[in-house]
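Student:
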Amino acid sequence: MNIFKYFGEIFGAIKSLWAGMRVTGYYFIHPGQIVTQKYPENRKTLKMTERFKGEVIMMHDENNQHACTGCGICELNCPNGSIEIITDKITNEAGKSIKIIDKHIYHLSMCTFCELCIKTCPSDAIGWGQEYEHAVFDRHKLTKVLNHPGSSLRKKPSKEPNQE
Amino acid sequence: MTNDQLKEKISEWVSGIEFPENKQYLEVLVPANSLKKLAELLHNTPETDFDYLISLSGVDYVSHLAVVYHLESTSHKHFLVMKVKTEDRENPNFDTVNEIWRTAEWYEREVFDMFGIKFNNHPDLRRLLMDDDWVGFPLRKDYKDEIKMIER
Amino acid sequence: MKEVIQDIIIRNSDDYIINMGPQHPSTHGVLRLELSLQGEKVKYVVPHIGYIHRGIEKMCERDTYQQIIHLTDRFDYLSAHMNNEAVCLNVENALEVEVPERVKYIRTILDELNRLASHQLWWCAFGMDLGALTTFFYGLRDREVILDIFEESFGSRLLHSFNTPGGLMHDIHPNFQKRTKEFIKYFRKKLPEYDQLLSNNVIFQMRTKGIGYMSKEVAISYGVTGPSGRASGFSCDVRKNHPYSAYDKVDFKEILDTTGDTFTRYKLRIAEMWESMNIIEQLIDNIPEGDYTAKMKPIIKLPVGEYYQRVETSRGEMGVFIISDGNKFPVRVKFRTPNFANLFVLNKIGSGNKIADIVAISGSLDLVIPDIDR
Amino acid sequence: MDFNIYDFTSFTKWVDNALNSSMSPLLAIIIELIIIGLVFLLFYAIVGLLLVYAERKVCAVIQNRYGPNRVGPFGIFQTIADLIKLLMKELINIKHADNFLFNLAPFIVIIASFMAIAALPFAKGLQAIDFNIGIFYLFAVSSLGVIGILLAGWSSNSKYSLIGAIRSGAQVISYELSVGLSLLAIVVFAGTMQLSGIIESQADGWWIIKGHFPALVAFVIFLIASTAETNRGPFDLAEAESELTAGFHTEYSGIKFAFFFLAEYMNMFIVASIAATMFLGGWMPFHIAGWDGMNAIMDYVPPIVWFFGKTIFVILMMMWFKWTFPRLRIDQLLNLEWKYLLPLNLMNIVLVAFIVLMGWYIK
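Protein chains in written order, with the numbering used here: chain A, 1141 to 1304; chain B, 18 to 169; chain C, 8 to 381; chain D, 27 to 389.
Encoded structure:
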């Protein structure tokens, strides 16, 4: 074996090792480069983006009214069966029997966040919530009823008077 | 080679070949007994040179079971869909092509696992994805599992 | 007559067998490798798969085409966007729908961003397989920037079912272009560090050079695609050979090498990261205005027939084979996933090496186990 | 009592006299042994805990992380919490394992590292026993631990453990040579094997400066070889995490695992302090012959600070190695030793002998 090649190899090796050590050494003496976030402490400042898929929620306005008509399209479109809609029949003031939702049940544990329910909802009643802390001790708590108790269907702004 | 030339070539080699209609690619329906012969010829002839088996899938058409081979030539860049089918649901079997395209070994094991199609002369025909003691062939249309499958 | 490539495993009762996995730090998931040892030397490797088999192909038979999309995320979770795209392109081609140009551009950019993120995670995991634990954190640090961009536009970081037959779920976020450009600028500075830390390191080169040699014939015969196949000289880049989306509008080169050892597979992926950044830079400023989705019927029914579509994911060629009988549910959906074929070659290129090399080789094949088991 | 932070000789003499004057010499010796044993036990535990904490913090900063920061300010009680956790964990007994050897192995490992502390000179006069072959003793004792590792691997009836243990055996046996030969260079320079003598010989400058090139080569080789001997850093093949899950201690749990863990860090401390003693002058302050003013300033810093400062420097070097480099393969590890380190070392010894003969080192 060529003696120069032998020592050349050793010096080449030391040089390449030193290049690696420079990288790690640089970060060692620059603690300002730390990118970790301290999670529970920064909870107040932690803002999710507006499109963040935390969970499916039903939007309610200040009168505790929602837009869900109970048509069941979201239930049909859900690939995992994580939405169940229980409807009820009531008679309204005009004496007509109409269908309203009783419970919009959402199984968070089965949801894969594919967004098909929200995308296909004809009345834009459901949307994404920003909640990201979903851990619970009991899995039954992951089954949620989306319509708030006592809520009712929002009346559509009627278009008939304008037409007439 | 263009599709027409391929058609001509293939029908020269093997008799009883059908060319079903396919919008995208040239499709060949091979009789089961000449599958191996055609596969070898396709792979070894320099003009065709189908050296790359992209995918091998089993299909249950209810009326019959089939195996679909998607082939491509890395040198000529032409594409061929080779299909072989059997109506025997109890004991379907075809010749293996794993010596021609090595990647077929696992694909054939998967097809055996899912459809129960046996491949003659396969070196290691065991279940691949399911447990060894699994009963039934899950991807067949007549497979029923009341507990694990949700019907829609 | 071409030469016959064979690797025959002969089992003896007195083999010294160790099982690597299903729970093992270096198999990146639930893969079991049955290794037969002779001292430190490995006589043969038998991979056992199926530990995370979820029957997605069966599930697809009861799903509509829109519903299939979210299942494809779960194969190769690191190239979720490409998997989605494979199904979408297949459905669009079958229906002969013309997708808006804007969608094509955005899809291409997202493909490449996803490829970058995937290669970064592969880089950190590969370093960790070889014992350089620091690489893991550097890779994840840079990947986080991409994931933040994804989160802003898609709402999720990893499994974003952002594609839908005909287009996209939403338009991209207004900040998307700006942040992507910032990321490219940032990552162009950080990528040379990867080389200094790992690629040029003499120990790393000793560990990977000349290990796990795969010839071009073996790569083709075993169907090894993606960077692993291209490192052996198998020109299998679907982006170049069968361009889809906006790949025919960008100028990029398919990176090929013929050495075919573990180090080449490594180098090729690093080179692909540079190339991906080039592609993104060409497209990011030229996204045309327009709709983010084509007009589609709410219930998609494919015409009767059989359709096959290939895309290039970060690990190789992904194929979707759909058989339709005109109904809203497909008769059969077969996914040709790249890692399935890539894993099978492990015995061929791995046997005869040391245990530590098996870890290096399987790391260089960049295996994602859910992609194998489907 | 005459307590002096710069010289512990009078303090230890005073303790000895006080004990001897109040009881029989035999009893005094026994009590002295017990005191030293307890002090070292405490020292061992504290150093072990601090090193675990230091390693976690150092690697965290290298990796752009914070590291432990939950238990106590800056997470300083993290290792104590870990220790409590390990103490309370179940000791799992392995079926078909050789139970006696399985339980014995962690003790051998920990005793081997414990014995080495006895000869370490922490400061002037602060040394439990000053052998006239001190360096030989340290070298011999620090390599005993491999017996424990071999036993652990063999007795746990696990294939991963066995492979790890055999690797460790091959590794330690070959790297012993390099450690010994690189220390020999300093022994040749100093002309004595007594640790106090070696330190005294560095009163006018440390050997790494006085011995210039060959001493530097010996230092680098010692760093590499001792990292390998302690199964650390790029040489942690015995517990190669990504290959053998945890190597020889795969099957251990609870306090028995903690023993291995503690012994690993203690071994690191011991080799670092040997390096500090032999190459960097031990507790001897930084002196340059002739520069009396500066030497006097340096003397103001207590020797014990010098000793720990140098040791921590070497430990930091070893941590830096570990968190930068990928792991070697077993054959490359042996190649490195037999093809590179050993020939270089032998050449270096010849060079040292020549330099000492001609008196070409810096006086």
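C-beta: ideal position from N, C-alpha, C; glycine also.
Note that the structure is a prediction, hence the values are computed from the model and not measured.
Would you identify the three-state DSSP class for residue 319 of chain C, choosing helix, strand or coil?
Tutor: By one-based count along the third sequence, residue 319 of chain C stands at place 312. Residue state, collapsed to three classes: strand.
Student: Checking 8 Å against the spacing of the C-beta atoms, do residue 1260 of chain A and residue 305 of chain C come in under that value?
Tutor: Translated into the one-based positions of the first sequence, residue 1260 of chain A becomes position 120. Translated into the one-based positions of the third sequence, residue 305 of chain C becomes position 298. Taking 8 Å as the Cβ cut-off, residue 1260 of chain A and residue 305 of chain C qualify as a contacting pair.
Student: Using a C-beta to C-beta distance shorter than 8 Å, which residues of chain C count as neighbours of residue 278 of chain D?
Tutor: Stepping through the fourth sequence from its first residue, residue 278 of chain D is reached at position 252. Neighbours of residue 278 of chain D on chain C: none; closest Cβ ~17 Å, over 8 Å.
Student: Check for me: the beta strand (DSSP E) holding residue 335 of chain D runs from which residue to which?
Tutor: Position 309 of the fourth sequence, counting from 1, holds the residue named residue 335 of chain D. Run containing residue 335 of chain D: none in the beta strand (DSSP E); it sits in the alpha helix (DSSP H), 329–348.
Student: Where does the unbroken alpha helix (DSSP H) through residue 99 of chain C begin, and where does it stop?
Tutor: Here residue 99 of chain C refers to the residue found at position 92 of the third sequence. Segment 87–102, the alpha helix (DSSP H) holding residue 99 of chain C.
Student: What do you get for residue 1276 of chain A, buried or exposed, if any count of 16 or more other CB atoms within 10 angstroms of its CB means buried?
Tutor: Locating residue 1276 of chain A in the first sequence gives position 136, where the first residue counts as 1. Per the 10 Å Cβ criterion, exposed.
Student: Can you find a C-beta in chain A that's less than 8 Å from the C-beta of residue 90 of chain D?
Tutor: In the fourth sequence, residue 90 of chain D corresponds to position 64, counting from 1. Interface residue, yes.
Student: Looking at C-alpha atoms only, which residue of D:213, D:222, D:196 and D:225 is the closest neighbour of residue 240 of chain D?
Tutor: For this step, residue 240 of chain D is matched to residue 214 along the fourth sequence. Among D:213, D:222, D:196 and D:225, the Cα nearest to that of residue 240 of chain D belongs to D:213.
Student: Quick one: Cα of residue 79 of chain C to Cα of residue 245 of chain C, how far?
Tutor: Position 72 of the third sequence holds residue 79 of chain C. Position 238 of the third sequence holds residue 245 of chain C. Between residue 79 of chain C and residue 245 of chain C, the C-alpha separation is close to 19 Å.
Student: Could you please give the first and the last residue of the uninterrupted alpha helix (DSSP H) stretch that includes residue 241 of chain D?
Tutor: As a position in the fourth sequence, residue 241 of chain D is number 215, starting the count at 1. Its alpha helix (DSSP H) spans residues 238–255.
Student: Going by beta carbon distance, what residues of the same chain come within less than 8 Å of residue 29 of chain B, once the five residues before and after it are set aside?
Tutor: Here residue 29 of chain B is taken as the residue at index 12 of the second sequence, counted from 1. Nothing meets the Cβ criterion.
Student: Is the segment 83–90 of chain D in contact with the segment 143–158 of chain C, if contact means three or more CB pairs nearer than 8 Å?
Tutor: yes
Student: Look at the Cβ atom of residue 268 of chain D, then the Cβ atom of residue 206 of chain C, and state whether they are nearer than 8 Å.
Tutor: Residue 268 of chain D sits at position 242 when you count from the first residue of the fourth sequence. Residue 206 of chain C sits at position 199 when you count from the first residue of the third sequence. Not a contact, by the Cβ cut-off of 8 Å.
Student: Please confirm whether residue 199 of chain C and residue 307 of chain C have their CB atoms less than 8 Å apart.
Tutor: As a first step, residue 199 of chain C must be located in the third sequence, where it is residue number 192. As a first step, residue 307 of chain C must be located in the third sequence, where it is residue number 300. No, Cβ-Cβ distance for residue 199 of chain C and residue 307 of chain C is not below 8 Å.
Student: Quick one: which chain A residues come within Cβ less than 8 Å of residue 70 of chain C?
Tutor: Taking the first residue of the third sequence as position 1, residue 70 of chain C is located at position 63. Here the neighbours are 1219.
Student: In the structure shown, what three-state DSSP assignment does residue 1152 of chain A receive?
Tutor: Looking up residue 1152 of chain A in the first sequence gives position 12. Shown here, residue 1152 of chain A sits in a helix according to DSSP, grouped into three states.
Student: Give the residues from the segment 165–180 of chain C that approach chain D closer than 7 Å (Cβ to any Cβ), ordered along the chain.
Tutor: none
Student: According to a CB-to-CB cut-off of less than 8 Å, which residues of the segment 30–53 of chain D neighbour chain A?
Tutor: none
Student: With distances taken Cα to Cα, identify the nearest neighbour of residue 152 of chain B among B:137, B:131 and B:140.
Tutor: In the second sequence, residue 152 of chain B corresponds to position 135, counting from 1. Here the closest residue by C-alpha is B:131.
Student: Distance, Cα to Cα, residue 397 of chain D vs residue 223 of chain C?
Tutor: Outside the modelled stretch of chain D, which goes from 27 to 389, sits residue 397 of chain D, for which no answer is possible.
Student: Just reading off the alpha helix (DSSP H) that residue 57 of chain B is part of, what are its end residues?
Tutor: For the purposes of this step, residue 57 of chain B is taken as residue 40 along the second sequence, with counting starting at 1. Per DSSP, residue 57 of chain B belongs to the alpha helix (DSSP H) from 52–61.
Student: So, with DSSP's three-state summary, where would you put residue 352 of chain C?
Tutor: Here residue 352 of chain C corresponds to residue number 345 of the third sequence, with the count starting at 1. DSSP places residue 352 of chain C in coil when its eight states are reduced to three.
Student: Which residues bound the alpha helix (DSSP H) around residue 342 of chain C?
Tutor: What you label residue 342 of chain C is simply residue 335 of the third sequence in a count that begins at 1. Segment 339–343 is the beta strand (DSSP E) holding residue 342 of chain C; no alpha helix (DSSP H) there.
Student: How should residue 310 of chain C be labelled, buried or exposed, when 16 other C-beta atoms within 10 angstroms of its C-beta is the threshold for buried?
Tutor: The residue labelled residue 310 of chain C in the question sits at position 303 within the third sequence. With fewer than 16 Cβ atoms within 10 Å of its Cβ, residue 310 of chain C is classed as exposed.
Student: Work out the CA separation of residue 1202 of chain A and residue 1303 of chain A for me, nearest whole Å.
Tutor: Translated into positions along the first sequence, residue 1303 of chain A becomes position 163. Translated into positions along the first sequence, residue 1202 of chain A becomes position 62. Here residue 1303 of chain A scores only 46 on pLDDT, less than 50, and its place in the model is too uncertain to base an answer on.
Student: When you compare the segment 170–188 of chain C with the segment 233–242 of chain C, are there three or more beta-carbon pairs, one atom per stretch, that lie closer than 8 Å?
Tutor: no
Student: CA-CA distance, residue 166 of chain C and residue 1245 of chain A?
Tutor: Taking the first residue of the third sequence as position 1, residue 166 of chain C is located at position 159. Taking the first residue of the first sequence as position 1, residue 1245 of chain A is located at position 105. Roughly 24 Å between the two C-alpha positions.
Student: Assuming residue 352 of chain D contacts residue 137 of chain C under a Cβ cut-off of 8 Å, what Cβ separation, rounded to an integer in Å, is found between them?
Tutor: Walking along the fourth sequence from the start, residue 352 of chain D turns up at place 326. Walking along the third sequence from the start, residue 137 of chain C turns up at place 130. Between the beta-carbon of residue 352 of chain D and that of residue 137 of chain C there is about 4 Å, and that keeps the pair under the 8 Å contact cut.
Student: Can you name the residues that DSSP bridges to residue 110 of chain B?
Tutor: By one-based count along the second sequence, residue 110 of chain B stands at place 93. Partner(s): B:135.
Student: Nearest CA to the CA of residue 1270 of chain A: which residue from C:158, C:90, C:134 and C:150?
Tutor: Position 130 of the first sequence holds residue 1270 of chain A. The candidate whose alpha carbon is nearest that of residue 1270 of chain A is C:158.
Student: Is it buried or exposed for residue 92 of chain B, if we count other Cβ within 10 angstroms and need 16 for buried?
Tutor: Residue 92 of chain B sits at position 75 when you count from the first residue of the second sequence. With fewer than 16 other Cβ atoms inside 10 Å of its own Cβ, residue 92 of chain B counts as exposed.
Student: With H, G and I counted as helix, E and B as strand and the rest as coil, what does DSSP make of residue 69 of chain C?
Tutor: As a working note, residue 69 of chain C is residue 62 in the third sequence. Looking at residue 69 of chain C - three-state DSSP - the assignment turns out to be coil, as it is neither helix nor strand.
Student: Going along the segment 357–381 of chain C in order, which residues come within less than 9 Å of chain D, judged by CB to CB distance?
Tutor: Taking 9 Å as the Cβ-Cβ cut-off against chain D, the residues of the segment 357–381 of chain C that qualify are 361, 362, 363, 364, 365, 366, 367 and 370.
Student: Give me, in chain order, the residues of the same chain whose beta-carbon lies closer than 8 Å to that of residue 218 of chain C; leave out the 5 immediate sequence neighbours on both sides.
Tutor: Counting from one through the third sequence, the residue named residue 218 of chain C turns up at place 211. Cβ neighbours of residue 218 of chain C beyond the five flanking positions: 268, 269, 270, 360, 364, 367 and 368.
Student: Give me the subset of the segment 364–383 of chain D whose CB atoms are less than 7 Å from a CB atom of chain C, sorted by chain position.
Tutor: So nothing in the stretch comes that close.
Student: Under a CB-based cut-off of 8 Å, is residue 162 of chain C close to chain A?
Tutor: In the third sequence, the residue the question calls residue 162 of chain C occupies position 155. Yes, because at least one Cβ of chain A sits closer than 8 Å to the Cβ of residue 162 of chain C.
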